[in-house]
Structures are given as structure tokens and as C-alpha cells.
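S.K.: First the structure, which I've put down as C-alpha cells, then a few questions once you've had a look.
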Amino acid sequence: MDIEKTANHNLKCSICKNYLNVAPVLASEDGKIIKCGRCQLKGPHLKNRNSLYESIGAKLNFPCMNKECSSRMSWNDVQRHEKSCKHRQISCPFWNCREKDIRFPINSDISHFETSHPGSIHYGSGITLNLKVITHLQSFMKLLVVNDVPFLVLIHCIKFGEEVLVGVFGFDSKAYEYHLKIHSDQHDRRHVFFKESTMLYDEDQHCLYCLQNLCVLQSHRYSKVHPENKKDIYKFYSNVTTLATKTLLQTENLLFDISIFESKVNGEQED
Ligand SMILES: [Zn+2]
Ligand SMILES: [Zn+2]
Ligand SMILES: [Zn+2]
Ligand SMILES: [Zn+2]
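Counted the way this note's numbering counts, the sequence shown spans residues 128 to 398.
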């Protein structure tokens, strides 16, 4: 049944005004404020979980939160759809753009990146980064555009470059994987190889400034406001130990090749 045909059709999140279709649904003592799981970290802090509403919602179909989108989905598909909807709007992830609240539909319009952050955009099936540049910059992001499909790459050094974190996040409903090949800048006799699925980008969790411990946004899971979450902050990233990798590859400097592929359907053979 569609939500619009039920008695609950006017019941929306008090904070983001979307349907209450992401768990946990939390309500204030007097029931006047009710919020969805998207707004879990946003104030006010509420403790009463409305399990009754959640169990009703789980049986309903909902429209997409993006008005231009005609998709309808069940409770369980809401989050995945919203993160991969072709009408999805994201906030520009750059610090300087945050307070201006610059938002754009990343899947169809990257002109904001092209005009405001041209040095951070890279076209092609992959990108090669030099460890010397990575440790010089310490922490940065790139928008990698592969056949018109954008991916956000986050690079962050811990302990001044003894460890390098690499994260690749997508916005598209297809499944992708990234290959991270690390090799010497002098020879290609050996390499270290990581192969991971790309994750759907979640701006509340995948934030460069949260990694840098500079972010103070209430809605960001790993910002300074939520020190209790810090323990799993690195779980979305490949972690490269640079000294051990240099020793293993017998080299002074490393190159990081990051390339992105559509995941093969189960059963297909790799070539
Ligand atoms: Zn909400
Ligand atoms: Zn949609
Ligand atoms: Zn921007
Ligand atoms: Zn943040």
C-alpha cells in the first residue's frame, strides 16, 4: 500500500520534512516532535523509539524524497535509493562551500566542481597519485569522473604519512569496485593490490574534515561533536602502511594507481 493512501500521509519528520521512512523513528515525550533516521544525529536529542510506526511503515511504499523523481520504493529500499537516485542533491564537500550551502545534483551536473574546484576534478578511468605529493598535501579529495559517472576519492594521512587512507565513494545505482595498485616509481616488478567495492557516498559519514578532526557539524557522525563515534572512523578506507610497503617493494617512493570498474555480475570470469 502507498503511504499517501493511509491515515499517516501527513506525518513527516519534524526536522527534514521527509516521510518517516528511515529507522530509527524517534519521538519526544509529548509526541509533538518526531524525527526520522536521517536526522538521528541532529537535535533535539530524542530517546523514545516509535517501533509501532516503524512496523507500519515497513509495510508501505514511499515516493522518493526528490520531487523530480518518479520512483516509489519500499521501506527497506529507501536509503539505498536516496543515495543513488539520479536526482540526488549533495552539498559541496569543500569547506569553503559549506556555509554557502551549495547543493547540486551530482549525477547530472558537476559544473560547480568544474568552475569552483577545477584542480580537484579528474577525468579518466583512474588516477595515479605520488606518495610524495600525498604526504605533502596530507589530506585531500578528488572528484574522479569515469565515463561521465562521478566518484569522490578521499585521501588522508595518519601519523604524518606513515599510514595513508584511501576511500572511494559513488553516487550511482550500479555496483562498482576500485582497484588500488601500489608500486615503485622506479620499477614495476612487484606491486601491492587492494580490490574493494565502492560505497555509496553518505555526506554525514564520509567527510574529509571529520577525518582531520576539524569538523563540527552536528549531523556528521564523526565530527568533534560526537567523540564517542571516533573508534570506527577509518572503517570505510583502505589503509596503506607506507614504510612496510616501501620495504616490501624495495623502493624509496610509491605510486598509488586508483582505477574504477563496474562490478562483474556473479559467475562471470575475470580476464
Ligand atoms: Zn528527518
Ligand atoms: Zn529518486
Ligand atoms: Zn564547492
Ligand atoms: Zn564532517
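Even for Gly, the Cβ is constructed at its ideal location relative to N, Cα and C.
Could you name the residues that DSSP lists as bridge partners for P277?
M.R.: Paired residue(s): V272.
S.K.: When DSSP labels each residue in this structure, what does H136 get in the three-state scheme?
M.R.: Note: H136 maps to coil in three-state DSSP.
S.K.: Can you tell me which of the three DSSP states H318 falls into?
M.R.: H318: strand per DSSP, three-state reduction.
S.K.: Out of curiosity, what's the CA-to-CA distance linking C196 and T325?
M.R.: Distance between the alpha carbons of C196 and T325 is about 24 Å.
S.K.: Helix, strand or coil for N145? Go by DSSP, reduced to three states.
M.R.: Of the three classes helix, strand and coil, the one that applies to N145 here is coil, per DSSP.
S.K.: Tell me which residues pass a beta-carbon proximity test against ligand 4: closer than 7 Å to any heavy atom, given in chain order.
M.R.: Chain-ordered list of matching residues: C334, Y336, C337, C342, L344, H347, Y349 and S350.
S.K.: Pick helix, strand or coil for Y349, following the three-state DSSP scheme.
M.R.: Reduced to three states, the DSSP call for Y349 is coil.
S.K.: Return yes when the Cβ of L327 is within less than 9 Å of the Cβ of F296, no when it is not.
M.R.: Yes.
S.K.: Can you tell me where the beta strand (DSSP E) holding E389 begins and where it ends?
M.R.: It spans L381 to E389 - the beta strand (DSSP E) in which E389 sits, taken as one unbroken run.
S.K.: Since S218 sits in a beta bridge, which residues does DSSP pair it with?
M.R.: In the DSSP output, where bridge partners are listed per residue, S218 has R230.
S.K.: Below 6 Å CB to CB, which residues in the same chain sit around K269 once its five sequence neighbours on both sides are set aside?
M.R.: These residues qualify, in order along the chain: S247, H249 and V280.
S.K.: Given this structure, state the Cα-to-Cα distance separating I233 from T374, to the nearest angstrom.
M.R.: So the alpha carbons of these two residues sit roughly 40 Å apart.
S.K.: If the criterion is Cβ atoms closer than 9 Å, does the pair H214 and S235 meet it?
M.R.: Going by C-beta atoms, H214 is nearer than 9 Å to S235.
S.K.: Quick one: Cα of Y336 to Cα of A134, how far?
M.R.: Approximately 42 Å, taken between the alpha carbons.
S.K.: Taking a cut-off of 6 Å, which residues have a beta-carbon closer than that to any heavy atom of ligand 6, in chain order?
M.R.: Questions concerning ligand 6 fall outside what the structure shown contains, since the ligands it does hold are ligand 1, ligand 2, ligand 3 and ligand 4.
S.K.: Does the Cβ of K162 lie closer than 8 Å to at least one heavy atom of ligand 1?
M.R.: For ligand 1, at least one heavy atom lies less than 8 Å from the Cβ of K162.
S.K.: Taking the CB atoms as reference points, tell me whether S386 and G294 lie closer together than 9 Å.
M.R.: No, Cβ-Cβ distance for S386 and G294 is not below 9 Å.
S.K.: So, at 6 Å on beta carbons, what are the nonlocal neighbours of R317 in its own chain, with the 5 sequence-adjacent residues on each side left out?
M.R.: L376, listed in sequence order.
S.K.: Run through DSSP, which three-state label would T325 get?
M.R.: Three-state DSSP puts T325 in coil, outside helix and strand.
S.K.: Residues near ligand 2, CB to any non-hydrogen atom under 5 Å, in chain order?
M.R.: Having a Cβ closer than 5 Å to some heavy atom of ligand 2 are C191, N193, C196, S198 and C212.
S.K.: What separation, rounded to the nearest whole angstrom, lies between the Cα atoms of F189 and E389?
M.R.: Rounded to the nearest angstrom, the two C-alpha atoms are 29 Å apart.
S.K.: Checking 9 Å against the spacing of the C-beta atoms, do N380 and D312 come in under that value?
M.R.: Cβ atoms of N380 and D312: closer than 9 Å.
S.K.: In this structure, how does DSSP classify V152 when only helix, strand and coil are distinguished?
M.R.: In the structure shown, V152 sits in coil (DSSP, three-state: anything other than H, G, I, E or B).
S.K.: Look up H239 in the DSSP assignment and give the residues it is bridged to.
M.R.: Per DSSP, none; premise fails for H239.
S.K.: Considering only heavy atoms of ligand 1, does any lie closer than 8 Å to the CB of I142?
M.R.: Result yes, Cβ under 8 Å from ligand 1.
S.K.: Is it the case that the CB of N125 approaches a heavy atom of ligand 1 more closely than 8 Å?
M.R.: For the chain, the structure presents residues 128 to 398; residue 125 sits outside this window and is missing.
S.K.: Using a threshold of 8 Å, is the CB atom of R176 nearer than that to any non-hydrogen atom of ligand 1?
M.R.: Every heavy atom of ligand 1 is 8 Å or more from the Cβ of R176, so no.
S.K.: List the residues that DSSP assigns as beta-bridge partners of P190.
M.R.: R199, per the DSSP bridge assignment.
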